[in-house]
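Only one structure is covered here, and it is reproduced in the block below.
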Amino acid sequence: MDTGTYGYPKQGVKKIDPSYDVPEGVDIRGRYDEEFAKILTKDALKFVAELQREFRSHIRYALECRKEAKRRYNEGALPGFDPATRYIREGEWVCAPVPPAVADRKVEITGPVERKMVINALNSGAKVFMADFEDALSPSWENLMRGQVNLKDAVAGTVTFNDKARNKVYKLNDQTAKLFVRPRGWHLPEAHIFIDGEPATGCLVDFGLYFYHNHAPFRQTQGAGFGPFFYLPKMEHSREAKIWNNVFERAEKMAGIERGSIRATVLIETLPAVFQMNEILYELRDHSVGLNCGRWDYIFSYVKTFQAHPDRLLPDRVLVGMTQHFMKSYSDLLIRTCHRRGVHAMGGMAAQIPIRDDPAANEAALELVRKDKLREVKAGHDGTWAAHPGLIPACVEVFNNNMGNAPNQIKDAKRDDAASITEEDLLQIPRGVRTMDGLRLNTRVGIQYVAAWLTGSGSVPLYNLMEDAATAEISRVQNWQWIKYGVELDGDGLGVRVSKELFSRVVEEEMARIESEVGKDKFKKGMYKEACKIFKRQCTAPTLDDFLTLDAYNYIVIQHPKGPAKL
329 MDTGTYGYPK
339 QGVKKIDPSY
349 DVPEGVDIRG
359 RYDEEFAKIL
369 TKDALKFVAE
379 LQREFRSHIR
389 YALECRKEAK
399 RRYNEGALPG
409 FDPATRYIRE
419 GEWVCAPVPP
429 AVADRKVEIT
439 GPVERKMVIN
449 ALNSGAKVFM
459 ADFEDALSPS
469 WENLMRGQVN
479 LKDAVAGTVT
489 FNDKARNKVY
499 KLNDQTAKLF
509 VRPRGWHLPE
519 AHIFIDGEPA
529 TGCLVDFGLY
539 FYHNHAPFRQ
549 TQGAGFGPFF
559 YLPKMEHSRE
569 AKIWNNVFER
579 AEKMAGIERG
589 SIRATVLIET
599 LPAVFQMNEI
609 LYELRDHSVG
619 LNCGRWDYIF
629 SYVKTFQAHP
639 DRLLPDRVLV
649 GMTQHFMKSY
659 SDLLIRTCHR
669 RGVHAMGGMA
679 AQIPIRDDPA
689 ANEAALELVR
699 KDKLREVKAG
709 HDGTWAAHPG
719 LIPACVEVFN
729 NNMGNAPNQI
739 KDAKRDDAAS
749 ITEEDLLQIP
759 RGVRTMDGLR
769 LNTRVGIQYV
779 AAWLTGSGSV
789 PLYNLMEDAA
799 TAEISRVQNW
809 QWIKYGVELD
819 GDGLGVRVSK
829 ELFSRVVEEE
839 MARIESEVGK
849 DKFKKGMYKE
859 ACKIFKRQCT
869 APTLDDFLTL
879 DAYNYIVIQH
889 PKGPAKL
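Residues 329 to 895 (the numbering used here) make up the sequence shown, in order.
Shown next as structure tokens:
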């Protein structure tokens with residue numbers, strides 16, 4: 329027999345690759361890695377599988393209910409307060425007391441679970457770092473698993489990063505932000521992990537693996553006996569909050585820790601959820617630490633909810649700010665609801681990033697941030713979000729100047745004036761014009777974001793703003809709405825109407841502009857052409873897809889050893 333140098337056969341014997349040790353019914357289809365194997369232990373996977381088996385039918389039902397609600401809205405119905413739960417809205421009840429470890433949340437920084445970002449965010453001077461598996465992360469197998477490794481090291485206090493290009497080693501300061509983790513939304517699958525023959529639910533993978541490995545050290549070092557802490561995205565109804573509450577109780581039981589240890593802030597970032605804020609807090613009352621104004625996704629949800637309502641067209645997205653009546657009403661009602669129930673009312677994201685080569689432009693951007701944060705703190709918000717460490721000092725200054733030493737405004741800013749906010753206030757059509765510049769910006773930002781997402785980046789600096797999936801979603805649904813209804817670009821005064829032909833021309837011109845801005849080499853190596861196809865298809869589809877990332881996810885799933893997979 330022909331043998332190689334060490335006496336092994338040259339062919340005919342297949343090399344056995346190492347594989348993950350999995351419990352029954354679990355199949356890992358992502359690449360094997362020794363570091364990942366420390367996360368994907370048999371016991372951790374068993375916990376994730378138990379969550380999946382216990383809650384999958386509830387999740388399926390909740391997603392069916394979303395479809396049913398969408399059908400009603402598409403037939404002309406409007407979202408509103410549910411008469412069946414009036415007793416919850418009018419009842420005198422409060423959530424469990426806020427844990428002392430997170431009483432002060434004046435400024436929170438958000439970002440993906442990348443190693444350097446995790447260190448910089450925890451060191452940023454913010455009170456909280458929301459580490460993101462959701463809109464700021466492209467959910468490739470590598471990103472998700474490395475993210476779990478990074479968070480495990482962060483909770484242990486051992487995370488470091490050696491930046492060879494800068495010849496600099498990053499490590500944690502003595503004082504760091506409190507860690508919150510945002511798993512994916514209910515709708516996203518995890519196609520690299522199959523449980524009983526079907527893809528796992530993404531958020532149960534994110535939550536389950538993180539909780540399993542980190543609950544004990546976190547409670548000791550960060551939570552002062554509480555925790556871990558979470559942010560929960562994309563909720564549309566309190567039945568979804570109830571599932572999360574049951575997941576938390578199941579996790580606490582598994583870990584042998586007190587009920588109410590896990591705490592979560594829910595993002596109110598869908599239009600239907602604004603009518604369910606009391607109900608959401610009620611379902612999570614033992615586990616809640618408040619609500620947050622997820623304002624970019626909220627705008628996306630407004631368009632999505634009213635996709636079949638041509639009388640509710642949005643103006644240019646740059647004009648849809650917090651001074652629009654429907655946005656102000658949402659923020660005011662959120663503050664009143666949270667404070668009435670004894671929890672934090674968190675403000676929205678400042679997406680600006682420092683403009684290092686233009687001090688005047690940088691100061692103008694910071695001034696916008698200060699104004700936005702001053703509006704929030706005066707309205708009664710207990711804290712706010714920033715996307716970049718460079719914004720933290722300005723945000724801290726505004727909140728400290730207006731709140732003094734108080735950790736929050738829960739008891740002081742009752743906002744009883746917001747009790748009179750009606751369904752009409754929350755649904756008022758935003759005012760403003762539509763322009764060719766608005767169509768162009770949507771197209772340029774949307775394509776560039778999708779291109780970055782396809783190549784592994786979910787948090788993307790574009791035109792001095794840190795963009796995540798929410799911005800791409802607004803761009804996509806607004807373009808779709810304008811094309812579908814042939815809207816007039818009334819802000820330009822030329823009587824031009826948006827059509828598929830006009831949009832195709834805009835796409836061509838904006839692709840040329842992107843190429844000139846990023847350079848021929850980067851354009852060639854990046855996935856701009858693929859991104860353009862996806863974005864264009866989504867904007868011109870006869871029916872609006874619920875989420876851009878669901879379609880694009882198929883492009884980043886790499887199953888081993890079987891190659892790319894279609895879900």
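Cβ atoms here follow ideal geometry from the backbone N, Cα and C, with glycine treated the same way.
Given the structure is predicted, the values throughout are model-derived calculations rather than measurements.
Counting along the chain, the unbroken beta strand (DSSP E) around R591 starts and ends at 591-596.
When rounded, the separation of the alpha-carbon atoms in D820 and L769 is 15 Å. In this structure, the alpha-carbon of A464 lies about 31 Å from that of G353. For V697, the enclosing alpha helix (DSSP H) has its first and last residue at 687-707. Looking at the backbone, the Cα of Q756 and that of S659 are separated by about 14 Å. Close CB contacts of G814 within its chain, under the 8 Å cut and outside five residues either way in sequence, are with R825, V826, S827 (chain order). Within the same chain, Y777, V788 come within 6 Å of E795 by CB-CB distance, once the 5 residues on both sides are set aside. For a cut-off of 8 Å, the C-beta gap from V834 to L767 is around 6 Å, short enough to register as a contact.
Within the region 797-867, the runs of alpha helix (DSSP H) that reach at least 4 residues and sit entirely inside it are, in chain order, 797-812, 828-846, 848-853. Taking C-beta atoms under 8 Å as the contact rule, E568 and I416 fail to qualify, at a distance of about 15 Å. N495 has its alpha-carbon roughly 34 Å from the corresponding atom of H543. By the C-beta criterion, the region 549-565 is judged to be in contact with the region 587-602, since at least 3 inter-stretch pairs fall below 8 Å. By the neighbour-count criterion, in which a residue is buried when 16 or more other Cβ atoms sit within 10 angstroms of its Cβ, S385 is exposed.
Rounded to the nearest angstrom, the gap between the Cα atoms of E704 and R645 is 20 Å. Just so you know, the alpha carbons of L379 and R394 end up roughly 21 Å apart.
Looking at the DSSP output, P467 bridges to nothing. Under the three-state reduction of DSSP output, R357 falls in the coil class, being neither helix nor strand. Setting aside the 5 residues that flank it on each side, A707 is surrounded in the same chain by S659, D660, I663, each with a C-beta closer than 7 Å to its C-beta; the list follows chain order. If only uninterrupted alpha helix (DSSP H) runs of at least 4 residues are considered, those enclosed by the region 343-412 are 362-367, 370-402.
Sixteen is the threshold: since fewer than 16 other Cβ atoms of the shown chains lie within 10 Å of the Cβ of A412, the residue is exposed. Within the region 455-501, the complete alpha helix (DSSP H) runs of at least 4 residues fall at 469-484. Linking L719 to N620 through their CA atoms gives a straight-line distance of about 19 Å.
For H520, the enclosing beta strand (DSSP E) stretches over residues 517-523. For E795, the enclosing beta strand (DSSP E) starts and ends at 793-795. Counting along the chain, E436 sits inside the beta strand (DSSP E) bounded by residues 435-440. Across the structure, A722 and R698 are spaced so that their CA atoms are roughly 7 Å apart. DSSP, reduced to helix, strand and coil, places C423 outside both helices and strands of the structure shown, so it counts as coil.
Going by DSSP, E751 is part of the alpha helix (DSSP H) stretching over 751-755. The beta carbons of Q680 and L702 sit no closer together than 8 Å. Judged by their CB atoms, I521 and P556 are not nearer to each other than the 8 Å cut-off.
Secondary structure note for R772: it is in no beta strand (DSSP E), and the uninterrupted alpha helix (DSSP H) holding it is 764-782. Taken atom to atom, the span from the alpha-carbon of S347 to that of D371 is near 15 Å.
For the set L472, L500, Y540, I627, the Cα lying nearest the Cα of G485 is the one of L500.
Taking every protein chain shown into account, the CB of S466 has 16 or more other CB atoms within 10 angstroms, so this residue is buried. Beta-carbon to beta-carbon, L472 and V509 are separated by about 12 Å, too far to satisfy the 8 Å threshold. From the listed residues T771, H888, A798, the smallest Cα separation to E838 is found for T771.
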